[in-house]
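Report on the following structure.
Protein chains in written order, with this note's numbering: chain X, -5 to 153; chain F, 358 to 570.
Okay, here's the thing in structure tokens:
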């Protein structure tokens, strides 16, 4: 019972971290610029923040990262619903394979997205650094991997 | 009895409006607009008195980050006076109807420097005690979301594939189960036992068990 609650809490935490990484605006941060996958905030001379397009990013790589982060969120949310469904419908003693498969796909998606972002975007920039959303993306990669392994090993209790 | 009621109602009518005789001004809270577009800032008021002929509307503008406000519009004595020296010269138009208590203005061709707070103050003599109301204007550049065709294509294809695989899986299970069942029905007796045995084979044999708490 406690283990079940722990796994569900961990899964919900992973979902929240993935959603924050995909939505919040801090993949690449400088003093006056804060960019993510969807747009860029720039601080102008008159102390105003402007939200602009990501003009000088390689388009296809950026869109691939966008697609994979959205897919990672979708798959991990699906995995939670499938897990709850399998808790009720799975025969006793069986493993939660479908949930594990969905979760490993989510893990692969966020790994692909974060890797493409690291390798292809911001390669030649001298100033600035990765923001908290980028870090959260990698942390959720680790968490989804652990959860996928858990679902592949876990068995439904035999009364 | 009737005279008593009449006297109390007259007394109440005399007391209550004294306290609520303040003019209440309504504008929006926040308005968003794109650079280069036009926006209508609405201002109207509520007053217990009839709309007087000396009703006045005035708009002031305070840029974001500044502490001073400048006057940009004033309507008085039946005539509207627009900004002809400040940041809104030739970009302001009066589109309100003072007779209907509407003092709205139209800002044309917005620029990024128009971000700020617009305050409307209306007076309906003798009802002049009231609090001006402010609306915050936020001017944006065009659509910043940059999700494109490739993004949509990847997401659509992957989700479609997942749906297809799930549907095919359940279809296969359903068809194979039906084939087994129809076989067992067509040849009664012996085949029925084999069919039920086959169904038992579907559940995988238990491997080494990990104890769960």
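We treat Cβ as the ideally placed atom computed from N, Cα and C, and that holds for glycine.
Taking the beta carbon of residue 515(F) as reference, the chain X residues within 7 Å of it are 65, listed in sequence order. The beta-carbon separation of residue 56(X) and residue 115(X), rounded to 7 Å, stays under the 8 Å limit for a contact.
Between residue 21(X) and residue 125(X), the beta carbon gap of about 6 Å places them in contact (Cβ cut-off 8 Å). Interface with chain X (7 Å Cβ-Cβ cutoff): residue 422(F) is included. CA-to-CA, the gap between residue 485(F) and residue 49(X) works out to about 52 Å.
For a cut-off of 8 Å, the C-beta gap from residue 101(X) to residue 135(X) is around 6 Å, short enough to register as a contact.
With its beta carbon less than 7 Å from one in chain X, residue 498(F) belongs to the interface.
Of all residues in the segment 101 to 119 of chain X, only 103 come within less than 9 Å of chain F when Cβ atoms are compared, listed by chain position. The C-beta of residue 61(X) comes closer than 7 Å to at least one C-beta of chain F. Counting other Cβ atoms within 10 Å of its Cβ, residue 28(X) reaches 16 or more and is therefore classed as buried.
When secondary structure is reduced to three states using DSSP, residue 543(F) falls in the helix class. Each residue's CA atom was taken as its position, placing residue 528(F) and residue 520(F) some 12 Å apart.
For residue 124(X), no chain F residue has a Cβ inside 8 Å of its Cβ, as the nearest lies near 20 Å away.
Around the C-beta of residue 147(X), fewer than 16 other C-beta atoms lie within 10 Å, and the residue is accordingly described as exposed. Residue 54(X) belongs to the set of residues whose beta carbon lies under 7 Å from a beta carbon in chain F. For residue 420(F), the three-state secondary structure derived from DSSP is strand. By the criterion of at least three beta-carbon pairs nearer than 8 Å, the segment 59 to 68 of chain X is in contact with the segment 11 to 18 of chain X. Residue 42(X) holds the alpha-carbon nearest to the alpha-carbon of residue 421(F) among 54(X), 42(X) and 117(X).
Considering only 513(F), 511(F), 499(F) and 477(F), the residue with the shortest C-alpha distance to residue 384(F) is 477(F). Each residue's CA atom was taken as its position, placing residue 90(X) and residue 111(X) some 32 Å apart. DSSP places residue 397(F) in the strand class (E or B) of the three-state scheme. A distance below 7 Å between beta-carbons, with the five flanking residues on each side excluded, links residue 97(X) to the following residues of its chain, in chain order: 70, 73, 138, 141, 142 and 145. Apart from the 5 residues on each side of it in sequence, residue 59(X) sits with its Cβ closer than 7 Å to the Cβ of 31, 107, 110 and 111 in its chain, given in chain order.
The C-beta of residue 41(X) comes closer than 7 Å to at least one C-beta of chain F. Proximity of residue 80(X) to chain F, defined by a Cβ-Cβ separation below 7 Å, is not satisfied. If only uninterrupted alpha helix (DSSP H) runs of at least 4 residues are considered, none is enclosed by the segment 505 to 532 of chain F. Counting along the chain, the unbroken alpha helix (DSSP H) around residue 114(X) starts and ends at 91 to 114. Scanning chain F for C-beta atoms nearer than 7 Å to the C-beta of residue 97(X) yields nothing, as the closest lies near 13 Å away. If you check each beta-carbon in the segment 469 to 482 of chain F against every beta-carbon of chain X, the ones closer than 8 Å belong to 469, 470 and 472. For the set 457(F), 468(F) and 497(F), the Cα lying nearest the Cα of residue 407(F) is the one of 457(F).
Sixteen is the threshold: since fewer than 16 other Cβ atoms of the shown chains lie within 10 Å of the Cβ of residue 526(F), the residue is exposed. Between residue 479(F) and residue 402(F) the beta-carbon gap is near 4 Å, inside 8 Å, which marks them as a contact. Listed along the chain, the chain F residues whose CB falls inside 8 Å of the CB of residue 44(X) are 469 and 498.
Chain order gives the chain F residues near residue 58(X) as 507, 508 and 511, where near means a beta carbon separation below 9 Å.
Rounded to whole angstroms, residue 441(F) and residue 435(F) show a C-alpha spacing of 19 Å. The beta-carbon distance between residue 418(F) and residue 475(F), rounded to whole angstroms, is 6 Å. This is short enough to meet the 8 Å contact definition.
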